[in-house]
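Q: First the structure, which I've put down as structure tokens, then a few questions once you've had a look.
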Amino acid sequence: MSDQHADHAEHAYVHGTMEISEQVSTWHLFLFLAKWGSLATAAILVLLTVWFAVGAGFMAGAISAAVLCVAGFFALRSKPAH
């Protein structure tokens, strides 16, 4: 029994040696989709709220959604790397 544990200890995981490039790219994709998906959801909600709940009409809702999209684009765009 002790031989099995000793053999396993030789091949144990060492912190910091695993290749994580796929996890990093998946995380960046998740952040990208969450960020821009949230902006799209907010724009749709503003459009529908102004159009139906406020009763200002489609054009007022579309203009409000467009303003939100432009402001969100500038707020959420990627910053240049150092």
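The sequence shown begins at 2 in our numbering and counts up one residue at a time.
Heads up, the beta-carbon is just placed ideally off N, CA and C, and yes, glycines get one too.
1) So, is Gly58 buried or exposed, given that buried needs 16 or more other C-beta atoms within 10 angstroms?
2) Determine the DSSP secondary structure at Met19, reduced to helix, strand or coil.
3) Using the beta-carbon count (16 or more within 10 Å), is Gly62 buried or exposed?
4) Who are the Cβ neighbours of Ala43 in its own chain at under 8 Å, not counting the five residues just before and after it?
5) Going by DSSP, what residue range makes up the alpha helix (DSSP H) through Gly73?
6) In whole angstroms, what separates the C-alpha of His16 from that of Val47?
A: On the basis of the coordinates in this document:
1) exposed
2) coil
3) buried
4) Leu69 and Gly73
5) Phe59 to Leu77
6) 47 Å
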